[in-house]
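Chemist: In terms of this note's numbering, the sequence shown opens at residue 26 and continues consecutively. Sharing a structure, written as structure tokens. Questions coming.
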Amino acid sequence: PMFLFLLCLGVLIFGSTIIPLGIDDENHSSAGCNAACMSVPWLFSVGFVLIFSVLFSKTWRVNRLFHNPNKFRRIKVTMSDVIQPLILLMTVNVIVLVCWTALSPMVYVRVYGVATDLWNRKTTSTGICRSDSDRRGNALPYVILIGLINLGALVMANVQAYIARDIQTEFSESKWIALVLASILQAAAIGLPIIFLSRNDPIVHYIFSVVLIFVLSVVILLLIFVPKYVHHKEWVAKQALKR
26 PMFLFLLCLG VLIFGSTIIP LGIDDENHSS AGCNAACMSV PWLFSVGFVL IFSVLFSKTW
86 RVNRLFHNPN KFRRIKVTMS DVIQPLILLM TVNVIVLVCW TALSPMVYVR VYGVATDLWN
146 RKTTSTGICR SDSDRRGNAL PYVILIGLIN LGALVMANVQ AYIARDIQTE FSESKWIALV
206 LASILQAAAI GLPIIFLSRN DPIVHYIFSV VLIFVLSVVI LLLIFVPKYV HHKEWVAKQA
266 LKR
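Shown next, in the form of structure tokens:
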């Protein structure tokens with residue numbers, strides 16, 4: 026149950042990224058908009074890492090039990106052994122995010138277009154989140170580091186799911202974890218390029234970002250919890266027949 030609670034917490038944090046994405050300077054202060062901009066990578070990265078660390082740890086624990094090279098030796102996997110990869114991956118992400126926040130924070134800026142009225146006043150503007158690059162450097166190195174770290178989590182989870190591919194579902198959700206990872210890879214391959222190309226169009230960028238985060242959150246929860254529910258119903262039916 027602890028793993029499922031951590032998974033739900035990760036999905037909650039990951040899905041919460043939608044909230045600051047919809048904040049602009051029309052109804053919020055400049056400081057609030059700046060905080061919303063910087064909270065997006067925090068919520069996205071922490072939620073993402075927590076989700077994949079849990080999936081990796083669950084499969085890794087089963088692999089240690091069922092792929093023990095010494096079949097006659099009892100092996101015990103404690104909760105602390107399983108949590109170690111999660112703590113390590115989360116620590117690295119937090120370090121990068123803290124450096125990003127301190128050295129090159131994201132700020133909310135309003136960029137005005139070239140269109141003007143009869144009095145030469147700007148008639149169009151776009152509010153976007155942009156790194157404070159003029160004074161403190163560019164955010165690209167931090168984005169690359171976060172991407173590599175999270176990609177590493179995805180690769181490790183895929184490796185563990187592949188190793189556990191022959192273990193029956195009663196002992197491991199490796200089949201469904203693999204489906205979760207494949208679904209997220211497919212969504213990322215389609216959605217992330219569109220989000221990147223639409224970064225200068227706030228409406229399109231917002232819509233695709235929200236859809237991508239929502240779809241990933243729903244897919245993770247459905248593929249993990251629905252098979253458990255179905256398996257539980259089948260187990261209850263079998264127990265009822267034995268009575």
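Ideal placement from N, C-alpha and C gives every residue a C-beta, glycine not left out. All figures in this text were calculated on a predicted structure; none of them were measured in a lab.
Note down, in chain order, each residue of its chain lying with its Cβ closer than 7 Å to the Cβ of residue 97, except the 5 sequence neighbours on either side.
Modeler: Here residue 97 refers to the residue found at position 72 when the sequence shown is read from its first residue. Unreliable positioning characterises residue 97 in this predicted model, as indicated by a pLDDT of 48, which lies under 50. The coordinate reading is nonetheless provided below. Answer for residue 97: no residue qualifies.
Chemist: Report the partner residues of residue 150 according to the DSSP bridge assignment.
Modeler: Locating residue 150 in the sequence shown gives position 125, where the first residue counts as 1. In DSSP, residue 150 forms a bridge with 137.
Chemist: Can you tell me where the alpha helix (DSSP H) with residue 88 in it begins and where it stops?
Modeler: In the sequence shown, the residue the question calls residue 88 occupies position 63. 55-91 is the span of the alpha helix (DSSP H), which, as asked, contains residue 88.
Chemist: Drop a sphere of 10 angstroms on the beta-carbon of residue 137, count the other beta-carbons inside from all chains shown, and report buried for 16 or more, exposed for fewer.
Modeler: The residue labelled residue 137 in the question sits at position 112 within the sequence shown. Exposed, since its Cβ has fewer than 16 Cβ neighbours within 10 Å.
Chemist: Using DSSP with H/G/I as helix, E/B as strand and the rest coil, what is residue 223?
Modeler: The count along the sequence shown starts at 1 and reaches residue 223 at position 198. Residue 223 falls in the coil class under three-state DSSP.
Chemist: Using a threshold of 7 Å, state whether the C-beta atoms of residue 126 and residue 63 are closer than that.
Modeler: Within the sequence shown, residue 126 is the residue found at index 101, counting from 1. Within the sequence shown, residue 63 is the residue found at index 38, counting from 1. Yes; because the gap between Cβ atoms is below 7 Å, this pair is in contact.
Chemist: DSSP on residue 156, reduced to helix/strand/coil?
Modeler: Translated into positions along the sequence shown, residue 156 becomes position 131. Of the three classes helix, strand and coil, the one that applies to residue 156 here is strand, per DSSP.
Chemist: To the nearest angstrom, report how far apart residue 78 and residue 206 are at their CA atoms.
Modeler: Start at 1 with the first residue of the sequence shown, and residue 78 comes out as number 53. Start at 1 with the first residue of the sequence shown, and residue 206 comes out as number 181. Between residue 78 and residue 206, the C-alpha separation is close to 12 Å.
Chemist: The alpha helix (DSSP H) with residue 174 in it runs from where to where?
Modeler: Counted from its first residue, the sequence shown places residue 174 at position 149. Unbroken alpha helix (DSSP H) run through residue 174: 165-188.
Chemist: Tell me whether the beta-carbon of residue 156 lies closer than 7 Å to the beta-carbon of residue 135.
Modeler: The residue labelled residue 156 in the question sits at position 131 within the sequence shown. The residue labelled residue 135 in the question sits at position 110 within the sequence shown. Cβ atoms of residue 156 and residue 135: not closer than 7 Å.
Chemist: Measure the C-alpha to C-alpha separation of residue 261 and residue 234 and round it to an integer number of angstroms.
Modeler: Residue 261 sits at position 236 when you count from the first residue of the sequence shown. Residue 234 sits at position 209 when you count from the first residue of the sequence shown. Each residue's alpha carbon lies about 41 Å from the other.
Chemist: For residue 131, which residues does DSSP report across the bridge?
Modeler: Position 106 of the sequence shown holds residue 131. 156, per the DSSP bridge assignment.
Chemist: Consult DSSP for residue 52 and reduce its assignment to one of helix, strand or coil.
Modeler: Here residue 52 refers to the residue found at position 27 of the sequence shown. Looking at residue 52 - three-state DSSP - the assignment turns out to be coil, as it is neither helix nor strand.
Chemist: Give the C-beta separation of residue 71 and residue 46 to the nearest angstrom, bearing in mind that I take them to be a contact with Cβ-Cβ under 8 Å.
Modeler: Taking the sequence shown and counting its residues from 1, the one referred to as residue 71 is at position 46. Taking the sequence shown and counting its residues from 1, the one referred to as residue 46 is at position 21. Not a contact, Cβ separation roughly 16 Å.
Chemist: Are residue 85 and residue 185 touching if we call contact CB-CB under 7 Å?
Modeler: Within the sequence shown, the letter at position 60 stands for residue 85. Within the sequence shown, the letter at position 160 stands for residue 185. A contact, by the Cβ cut-off of 7 Å.
Chemist: Cα separation between residue 30 and residue 243?
Modeler: As a working note, residue 30 is residue 5 in the sequence shown. As a working note, residue 243 is residue 218 in the sequence shown. Computed Cα separation, rounded: 16 Å.
Chemist: Let's test the definition: count the other Cβ atoms within 10 Å of the Cβ of residue 83 and tell me whether it reaches 16, buried, or not, exposed.
Modeler: Your numbering for residue 83 matches position 58 in the sequence shown. Result: buried.
Chemist: For residue 222, count the other beta carbons within 10 Å of its own beta carbon; 16 or more makes it buried, fewer makes it exposed. Which is it?
Modeler: Locating residue 222 in the sequence shown gives position 197, counting from the first residue. Residue 222 is exposed by the Cβ-count criterion.
Chemist: For the alpha helix (DSSP H) that contains residue 40, what are its first and last residues?
Modeler: Numbered from 1 along the sequence shown, position 15 holds the residue referred to as residue 40. Start and end: 27-40.
Chemist: Compute the distance between the beta-carbons of residue 169 and residue 121, then report whether it is under 7 Å.
Modeler: Mapped onto the sequence shown, residue 169 falls at position 144. Mapped onto the sequence shown, residue 121 falls at position 96. No. Outside cutoff.
Chemist: With burial defined as no fewer than 16 other Cβ atoms inside 10 Å of the residue's Cβ, what is the status of residue 196: buried or exposed?
Modeler: Translated into positions along the sequence shown, residue 196 becomes position 171. Because the pLDDT of residue 196 is 48, which lies under 50, any placement of that residue in the model is unreliable, and the question is left without a value.
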